[in-house]
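Just so you know, the protein sequences line up as chains F and Z, in that order. Note that the first sequence covers residues 1 to 412 in the working numbering. Note that the second sequence covers residues 1001 to 1412 in the working numbering. Even for Gly, the Cβ is constructed at its ideal location relative to N, Cα and C. Reviewing the structure listed below.
Protein chains: 2
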Amino acid sequence: MSGTEDDDRLARVALTWLAEPGNRAVWDLVQARGAVATLEQLIGGDVPEDSLRTAVLARARTDDPRHHAEVALRRGRRVGARVVIPSDEEWPSRVESLATLELEIPGQINHDVRPPLCLWVRGGRSVGEAFERSVAIVGARAATRYGENVTMDLGYGLAEQDWTIVSGGAFGIDTFAHRSALAAGGTTVAVLACGVDRPYPLGNTPIFQQIADSGLLMSEWPPGSEPLRHRFLIRNRVIAAATAGTVMVEAAARSGAAQTMSRVVALNRPAMVVPGPVTSAMSVGCHELLRRCPQARVVTTVAHVLDEVGQIGEYLAEPARAVSHPRDDLDEESALVLEAVPRRGTAGPGQLASRAGLSLRTVLRRLSLLEIRGLVVRRGDGVALTEFARAATERTGMPPRAPLTAAPPSSG
Amino acid sequence: MSGTEDDDRLARVALTWLAEPGNRAVWDLVQARGAVATLEQLIGGDVPEDSLRTAVLARARTDDPRHHAEVALRRGRRVGARVVIPSDEEWPSRVESLATLELEIPGQINHDVRPPLCLWVRGGRSVGEAFERSVAIVGARAATRYGENVTMDLGYGLAEQDWTIVSGGAFGIDTFAHRSALAAGGTTVAVLACGVDRPYPLGNTPIFQQIADSGLLMSEWPPGSEPLRHRFLIRNRVIAAATAGTVMVEAAARSGAAQTMSRVVALNRPAMVVPGPVTSAMSVGCHELLRRCPQARVVTTVAHVLDEVGQIGEYLAEPARAVSHPRDDLDEESALVLEAVPRRGTAGPGQLASRAGLSLRTVLRRLSLLEIRGLVVRRGDGVALTEFARAATERTGMPPRAPLTAAPPSSG
Chain F
1 MSGTEDDDRL
11 ARVALTWLAE
21 PGNRAVWDLV
31 QARGAVATLE
41 QLIGGDVPED
51 SLRTAVLARA
61 RTDDPRHHAE
71 VALRRGRRVG
81 ARVVIPSDEE
91 WPSRVESLAT
101 LELEIPGQIN
111 HDVRPPLCLW
121 VRGGRSVGEA
131 FERSVAIVGA
141 RAATRYGENV
151 TMDLGYGLAE
161 QDWTIVSGGA
171 FGIDTFAHRS
181 ALAAGGTTVA
191 VLACGVDRPY
201 PLGNTPIFQQ
211 IADSGLLMSE
221 WPPGSEPLRH
231 RFLIRNRVIA
241 AATAGTVMVE
251 AAARSGAAQT
261 MSRVVALNRP
271 AMVVPGPVTS
281 AMSVGCHELL
291 RRCPQARVVT
301 TVAHVLDEVG
311 QIGEYLAEPA
321 RAVSHPRDDL
331 DEESALVLEA
341 VPRRGTAGPG
351 QLASRAGLSL
361 RTVLRRLSLL
371 EIRGLVVRRG
381 DGVALTEFAR
391 AATERTGMPP
401 RAPLTAAPPS
411 SG
Chain Z
1001 MSGTEDDDRL
1011 ARVALTWLAE
1021 PGNRAVWDLV
1031 QARGAVATLE
1041 QLIGGDVPED
1051 SLRTAVLARA
1061 RTDDPRHHAE
1071 VALRRGRRVG
1081 ARVVIPSDEE
1091 WPSRVESLAT
1101 LELEIPGQIN
1111 HDVRPPLCLW
1121 VRGGRSVGEA
1131 FERSVAIVGA
1141 RAATRYGENV
1151 TMDLGYGLAE
1161 QDWTIVSGGA
1171 FGIDTFAHRS
1181 ALAAGGTTVA
1191 VLACGVDRPY
1201 PLGNTPIFQQ
1211 IADSGLLMSE
1221 WPPGSEPLRH
1231 RFLIRNRVIA
1241 AATAGTVMVE
1251 AAARSGAAQT
1261 MSRVVALNRP
1271 AMVVPGPVTS
1281 AMSVGCHELL
1291 RRCPQARVVT
1301 TVAHVLDEVG
1311 QIGEYLAEPA
1321 RAVSHPRDDL
1331 DEESALVLEA
1341 VPRRGTAGPG
1351 QLASRAGLSL
1361 RTVLRRLSLL
1371 EIRGLVVRRG
1381 DGVALTEFAR
1391 AATERTGMPP
1401 RAPLTAAPPS
1411 SG
């Protein structure tokens, strides 16, 4: 580690102590001048933003921020924590998308949403690698058994498929998200709103220990930092930005999880919502988000989540996936007719009858059923697969159907 | 009632016996030539559509359709059923929207979706008045206790506020929809797929009797008609078209209720879905629809349903109302830009700037926001409204919809 890099690291730690992470003015300065020069400027009293000035000057007056940073680094070393900065290879690059985040609520100034200056990390894994295939699962602390079960189910299935489960370490949904990954022998990351030396809540200490052993404990705040209320909201943007997508399992009305989801939406990442009984207060926040936010997607299975976050084609080879294909419960005749419809383009009922080996009468009857189910459409020039049927086929990776090359041109 | 009107009524009954209701070719002829002339033409063997010819000729050969119609009318009189036709004041005018129904999948032929030629009705209320403020509640026959309870809750609350509850008379959700309105002392309509003289299923006979006493039993098919499987699907379009909106409470995968909902969406009516536990097979169809269909809206309370179906301003006094138009919480500049995007087609940023009275720079910035929110799309030739933005605008009635009473007389 070069001296310059050490200086940069120390300055970033000090800056995070001077002003809460995510601060736009500080981040802009660091981008323009570097962390070391920015720290000198702020200590010198040249604070560019009114809202920042009082807090920064008060802190800079009481103590040397560099000294504070050195204390924090020593404290971190005692619990095996390292400081990761953007120039490190393991920096989770997705968080940089916060650099241009426009919040979805117009007119709102983008306070506290810029990327982290540094991350404190406990755990042996590379941060960047852990986040590469990662899904956040967030939700209510006061989760119900329903929410816990769904979380376990989704998290376990995703972890089994080598996706990292990211959450905030809180009671309720967060805890079950972490547990699910641990149970599956997968990787889980807890992104904290306090120092990684004393994760909050204390009741989760055994789980935090397991996470530190096999996954990652991570925070923007230096060791010793308290989990102040506003820090959870600042922290949420990192969960939203560092992952490939976020699932909200249960949430009361106007919850913290919903705030995370609004960041996810603003970042144009998959914002996935598990619905629940409308009679459950713990699903109100989920249904609220679905009503308010057209980008939010209903997910009910691991396959749905993978649809949202997976790369195209990445899962084509996986036969074990518990995916229901729309033709799963078709009768045999209907399945034959569906099979006969070309993947692209159209075919006339006569062609379908000959391909499926069925009578024209049977084909016509079965086509009505397939149409009702949204699997085929009748067009002027014949019958075609719907987008839905095609997408489902792609998702489930069923072998592509043979093109209709041998058949005569479609009849009307 | 004039002789001509009687002839028209008889001819419409006979035509419904000759060809299943909703048939496009028959309806087109009736629009062009009237029911009496159409009946004569078909009896004479001049059947314009291939698909229709075999069935119509077979029936016309075996029996005189007029005789059949007279028998049906006598049979109807015995159970106090009347035949309502478009020239009657009580005709439910919303069903005429089927006249121009384009199914949501472009290119699909509109089989069997045209308006009814006539309606058989038991019950003292005016059909038109009963449907004016009406919501359909549909769903699974094999409903769970959860679905039954939610149906009772929603139906009761809507009926209390003087909304007619429309459903199909089946076991499960349908039954509870009717029951909820009866319990609230409100009006309920059962739209049947068989004759009103012997409503199906027989197990619901006591409820059908109550419905006939205080609400309406209604069918397109003459008394004595069997509830054949395909008739339920034909019937569904009437439930979708005659009501101000439809709520799907529980549905298994690929259910009949989902087919109703696809008609609702195609008619640009509020398509409302009650979510449920993802662990319940009876909510799979609801979640499927929400995933497949961006126009479908989550509803969990009576207030949500009223948001969707209520006339503008009617419920402004209700504090529970949530915002339902996507531009409600746009900042002023973004709203101006959105306003400037043409309803159909595209406009360039320069055009938008001049229409909105904003700088090009502002327009470009606001367009990004509108795009993130899914309200506009950029195309090669400019900016266009998304389907979502268009649908939402229509749903919320901007510009306001004409009240039902002011609707043009049905072109019969």
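Under the criterion of beta carbons closer than 8 Å, F/Gly350 and F/Leu360 qualify as touching, at roughly 6 Å. In the DSSP annotation of this structure, the continuous segment of the alpha helix (DSSP H) that includes F/Val238 starts and ends at Arg229 to Ala242.
When secondary structure is reduced to three states using DSSP, F/Gly34 falls in the coil class, being assigned neither helix nor strand.
Contact between the stretch 281-288 of chain F and the stretch 242-254 of chain F is present: three or more C-beta pairs spanning the two stretches fall below 8 Å. The alpha carbon of F/Ala389 has as its nearest neighbour, out of F/Asp28, F/Val383 and F/Leu375, the alpha carbon of F/Leu375.
About 18 Å separates the beta carbons of Z/Ala1184 and Z/Ala1212, which is beyond the 8 Å limit, so they are not a contact pair. The C-alpha of Z/Arg1114 is placed about 8 Å away from the C-alpha of Z/Thr1100.
Contact fails between the stretch 1239-1247 of chain Z and the stretch 1038-1045 of chain Z, because fewer than three Cβ pairs, one in each stretch, are under 8 Å apart.
Here F/Gln161 is buried. Its C-beta has 16 or more other C-beta atoms within 10 Å.
In the pairwise beta carbon analysis, the stretch 1186-1204 of chain Z is classified as touching the stretch 1164-1178 of chain Z: at least three pairs are separated by under 8 Å. In this structure, the beta-carbon distance from F/Arg133 to F/Trp163 falls below 7 Å.
Of the other Cβ atoms in all chains shown, 16 or more fall within 10 Å of the Cβ of Z/Ala1177; this residue is therefore buried. Chain Z has a Cβ within less than 7 Å of the Cβ of F/Gly276. CA-CA distance, Z/Thr1187 to F/Arg263, rounds to 45 Å.
Residue range Leu119 to Arg122 is occupied by the beta strand (DSSP E) that includes F/Arg122, with no alpha helix (DSSP H) assigned at that position. In the structure shown, F/Thr301 adopts coil according to DSSP, grouped into three states.
Taking a cut-off of 8 Å for Cβ pairs, the stretch 293-305 of chain F and the stretch 330-345 of chain F do not touch, as fewer than three such pairs fall below it. Closest by C-alpha distance to Z/Gly1022, out of Z/Asn1149, Z/Arg1094 and Z/Arg1235, is Z/Arg1235.
With respect to the C-alpha of Z/Arg1292, the residue from F/Leu289, F/Ala296 and F/Arg292 having the closest C-alpha is F/Ala296.
Z/Ser1134 is bridged by DSSP to Z/Thr1164.
Cβ-Cβ distances below 8 Å link Z/Thr1205 to Pro1199 in the same chain, with the five nearest sequence neighbours on each side left out; the list follows chain order.
The Cβ of F/Pro294 sits closer than 7 Å to at least one Cβ of chain Z.
Proximity of Z/Val1265 to chain F, defined by a Cβ-Cβ separation below 7 Å, is not satisfied.
For Z/Thr1260, no Cβ of chain F is located within less than 7 Å of the residue's own Cβ. Out of F/Glu20, F/Gly224, F/Leu192 and F/Ala190, the CA that lies nearest to the CA of F/Arg78 is found in F/Gly224.
Straight-line spacing of the CA atoms in Z/Ala1058 and F/Gly245 works out to 60 Å. It is roughly 44 Å from the alpha-carbon of F/Glu308 to the alpha-carbon of F/Arg66. Closer than 7 Å to the CB of F/Val113 there is not a single CB belonging to chain Z. Interface annotation, Z/Leu1290: in contact with chain F, CB-CB separation under 7 Å. Put simply, of F/Asp174, F/Gly45, F/Ala11 and F/Asp112 the residue whose alpha carbon is nearest the alpha carbon of F/Val135 is F/Asp174. Listed in chain order, the non-local C-beta contacts of Z/Ala1014 below 8 Å within the same chain comprise Leu1039, Pro1065, Arg1066, His1068 and Ala1069, local neighbours out to five positions each way being set aside. Scanning its chain for C-beta atoms nearer than 7 Å, with the 5 sequence neighbours on each side dropped, one finds around Z/Val1056 the residues Leu1018, Ala1019, Leu1042 and Val1047, in chain order. Taking C-beta atoms as the reference points, F/Val83 and F/Ala130 fail to come closer than 7 Å. Look at F/Ala252 here: in three-state DSSP terms it is coil, with no helix or strand label. Short of 8 Å from the beta carbon of F/Val30, and not among the five residues preceding or following it, lie these beta carbons of its own chain, in chain order: Arg12, Leu15, Thr38 and Leu117.
With the criterion set as a beta carbon lying under 8 Å from some beta carbon of chain F, the members of the stretch 1140-1159 of chain Z are Tyr1146, Asn1149 and Val1150, in sequence order.
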